[in-house]
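So the sequence lines, in the order shown, correspond to chains D and P. Note that our numbering has the first sequence beginning at 5, numbered continuously upward. Note that our numbering has the second sequence beginning at 309, numbered continuously upward.
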Amino acid sequence: MADLTTDIAGLRLKNPVLTASGTFGYGLEFQDFVPLDQIGGIIVKGTTLHPRQGNPYPRMAETAQGMLNCVGLQNRGVDYFCSHIYPQLRDIPTNFIVNVSGSTPEDYAECAARIDELETIPAIELNISCPNVKHGGMAFGTTPEGAASVVNAVRKTYHKTLIVKLSPNVTDIVAIARAAEDEGADAVSLINTLMGMAIDAEHRRRILSIGTGGLSGPAVKPVALRMVWQVAHAVHIPVIGLGGISTATDAVEFLLAGARAVEIGTANFIDPAVSLKVVRGIDKYLERHGFKSVNEIIGLCE
Amino acid sequence: MELTSVERLHERYALLRATDPATPLPPMQAGQFAQLRVDGCPQAFLRRPISIHFLDRKRNEVWFLVQTIGPGTESLAAMKAGDRLNAVLPLGRGFTLPASASERILLVGGGVGVAPLLFLGQQLADMGVQPTFLLGARSASDLLQREHFQALGRVCVTTEDGSLGEQGYVTQHSILHNEKFDHISVCGPRPMMIAVARYAREQDIPCEVSLENRMACGVGACLCCVEDTQEGHVCVCTEGPVFNIKQLKWQI
């Protein structure tokens with residue numbers, strides 16, 4: 005077996021496979037399918053300072069090799085997470101990373117501060133890229149100034165590993181990544197969903213309740229791979245790659261493009277055990293090509 | 309799983325029977341569903357949630373009644389005996405079973421919504437309850453699995469064209485005016501369920517409905533299939549698909 009261990013700015017991962025926020029619940033939902041301790045990490049559902057009901061139904065449309073969603077950060081708030089969810093996660097031996105979102109930099113900072121106090125949560129992923137909320141979310145992630153303002157505020161209250169999740173709905177993702185790096189982000193993850201739309205021709209109406217949603221699934225993979233490659237060449241902090249990964253080969257492509265780890269998202273819906281299959285598949289790939297460690301292939305593709 | 313048979317019951321419906329050749333099927337409740345993967349169909353990306361139609365313990369076989377409404381369900385219906393079927397099951401919460409065998413139970417189904425009621429009828433029959441089925445269809449030929457229902461209880465029928473049973477919608481059937489029930493379970497098109505829920509509320513009869521909200525994951529992770537309830541947005545896939553009408557915010 006090859007050495008699959010890697011690290012994200014000091015955060016040690018037993019393998020480079022994480023599950024993406026909003027696609028794996030709190031991990032508990034998937035315990036029947038995957039031994040959670042065999043995944044590199046689990047990024048839990050987007051959490052905000054106050055509870056959010058999210059957008060009305062319908063929130064989902066199936067598309068060619070993908071899907072659109074406009075869930076809109078439904079969650080019960082950070083206090084509920086700390087009091088009800090965290091106690092169920094704390095003894096499970098994997099890295100639980102909390103995805104944090106908000107409407108103002110102060111919201112983000114306060115939510116992050118609460119998570120900072122949780123002993124066994126080693127990192128947060130700052131969501132400045134949700135396309136489905138009116139205030140905050142992607143609004144911060146589409147300009148370098150917006151990204152900088154949130155990362156700056158959070159860096160003051162959060163002392164562990166800070167990952168910033170970037171939006172692909174921008175002209176120059178490298179500029180946003182650099183802004184996050186300059187304000188003290190420890191890593192960046194990309195991409196969040198691409199904004200899209202679906203229309204029901206038979207009934208002549210839009211399918212999603214708010215009209216637009218975020219596209220995910222294999223359809224977005226080439227876009228994600230390109231952006232990961234661009235950002236990995238431009239910043240000095242680790243990059244986590246995601247967007248349409250559903251096989252070990254997909255994951256290896258992101259590692260070759262320069263990602264130090266990957267996240268599996270929408271593929272969890274089609275195969276709830278896919279994350280473990282990707283872990284095993286990466287190992288097989290490394291053995292087949294004579295690599296001793298996963299770190300040997302990171303960024304190999306110039 | 310492995311398909312033991314695929315039968316076209318009708319131009320728009322297929323009956324799939326599947327078995328697990330290696331292990332006994334897990335315990336299941338009527339109203340629960342399976343997430344079926346659609347293989348070899350480029351247009352179908354997500355799994356299709358299909359309710360459990362019947363459980364044949366002797367043959368270790370589970371039945372799915374599939375309505376073909378698009379390329380994904382067409383692909384499922386085009387499968388053949390011997391094909392592998394990738395199914396995640398059982399998922400969700402099913403119908404509540406009565407506390408006593410003396411309760412008068414009405415099961416109302418329309419269209420493909422009759423599917424979970426056969427399994428429910430079976431579970432009731434196992435408890436010694438003889439349910440009354442009230443099944444609605446457009447026309448006699450659209451009424452599926454009637455003999456199977458008749459084996460489990462009394463069957464009342466409405467058809468929109470009057471070709472079988474009473475003409476009209478299920479809520480117009482004379483049985484609702486002439487008899488009293490202790491509990492109603494409903495599965496069918498939303499307008500039908502709302503109409504039955506209204507009747508149940510007026511008559512003060514406990515009533516459960518099975519929702520068909522559009523789903524992605526089926527396990528409570530994606531939060532796509534939510535229904536607005538007294539407790540806010542909840543996932544139909546994990547908190548339902550069966551809900552007591554008192555939990556819902558339907559305007560009835």
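Even for Gly, the Cβ is constructed at its ideal location relative to N, Cα and C. Everything numeric in this text was worked out from a predicted model, so none of it was measured.
Per DSSP, cross-strand counterpart(s) of residue i
| i | result |
| --- | --- |
| S308 of chain D | Residue 308 of chain D lies beyond the range of chain D shown here (5 to 306); nothing can be said about it. |
| I211 of chain D | Looking at the DSSP assignment, I211 of chain D forms no beta bridge with any residue, so it has no partner. |
| S193 of chain D | D:K169 and D:I244 |
| T440 of chain P | P:L414 and P:R462 |
| C515 of chain P | P:I492 |
| E187 of chain D | Note: E187 of chain D sits in no beta bridge, so no partner. |
| S297 of chain D | D:D7 |
| A342 of chain P | P:I358 |
| G45 of chain D | D:L22 and D:N99 |
Inter-residue Cα distance where the pair is residue i and residue j
| i | j | result |
| --- | --- | --- |
| L317 of chain P | D450 of chain P | 9 Å |
| R210 of chain D | D204 of chain D | 6 Å |
| V542 of chain P | V75 of chain D | 12 Å |
| C495 of chain P | V396 of chain P | 21 Å |
| G81 of chain D | S279 of chain D | 27 Å |
| I96 of chain D | A223 of chain D | 33 Å |
| A157 of chain D | Y289 of chain D | 41 Å |
| Y84 of chain D | F144 of chain D | 25 Å |
| G269 of chain D | Q375 of chain P | 29 Å |
| E66 of chain D | A252 of chain D | 23 Å |
| L472 of chain P | H485 of chain P | 19 Å |
| L229 of chain D | Q35 of chain D | 29 Å |
| H163 of chain D | T98 of chain D | 20 Å |
| R506 of chain P | F341 of chain P | 26 Å |
| S25 of chain D | K18 of chain D | 19 Å |
| A277 of chain D | F37 of chain D | 5 Å |
| P135 of chain D | G215 of chain D | 12 Å |
| P499 of chain P | V478 of chain P | 11 Å |
| A181 of chain D | F353 of chain P | 31 Å |
| F427 of chain P | G58 of chain D | 35 Å |
Beta-carbon proximity list for residue i, same chain, < 8 Å, skipping 5 on both sides
| i | result |
| --- | --- |
| K388 of chain P | L311 and V314 |
| Q475 of chain P | T466, T467, E468 and D469 |
| K554 of chain P | Q538 |
| M5 of chain D | D287 and E291 |
| V240 of chain D | Correcting the residue identity first, residue 240 of chain D is His in this sequence and not Val. Cβ neighbours of H240 of chain D beyond the five flanking positions: E185. |
| R401 of chain P | Q337, G339, Q340, T546, E547, G548, P549 and V550 |
Residues near residue i by beta carbon distance below 7 Å, same chain, minus five either side
| i | result |
| --- | --- |
| V178 of chain D | Q234, V235 and A238 |
| R63 of chain D | N73, C74, V75, L212 and S213 |
| V232 of chain D | L194, V243, G245, F258, A261, G262 and A263 |
| G294 of chain D | none |
| D11 of chain D | L17 |
Short CB-CB distance (under 9 Å) between residue i and chain P
| i | result |
| --- | --- |
| G221 of chain D | yes |
| G285 of chain D | no |
| Q92 of chain D | no |
| R208 of chain D | no |
| Y61 of chain D | yes |
| P276 of chain D | yes |
| M231 of chain D | no |
| V75 of chain D | yes |
| T175 of chain D | no |
Beta carbon proximity, residue i to chain D, threshold 9 Å
| i | result |
| --- | --- |
| M523 of chain P | yes |
| E315 of chain P | no |
| F353 of chain P | yes |
| C530 of chain P | yes |
| E535 of chain P | yes |
| G402 of chain P | no |
| V396 of chain P | yes |
| V527 of chain P | yes |
Cutoff 6 Å; reference residue i; Cβ partners in own chain excluding five residues on either side
| i | result |
| --- | --- |
| V544 of chain P | L519, N521, C533 and E535 |
| L93 of chain D | F100 |
Residue i: contacting residues in chain B (beta-carbon distance under 8 Å)
| i | result |
| --- | --- |
| M64 of chain D | The chain inventory of the structure shown lacks chain B, comprising the protein chains D and P. |
_Cβ contact (3+ pairs, closer than 8 Å) linking the segment 514-524 of chain P and the segment 539-555 of chain P_ = yes
*Quick check: the segment 436-444 of chain P against the segment 407-414 of chain P, are there 3 or more CB pairs under 8 Å?*
yes
*Check whether the segment 336-347 of chain P touches the segment 33-45 of chain D, counting contact only when three or more Cβ pairs, one atom from each stretch, lie closer than 8 Å.*
no
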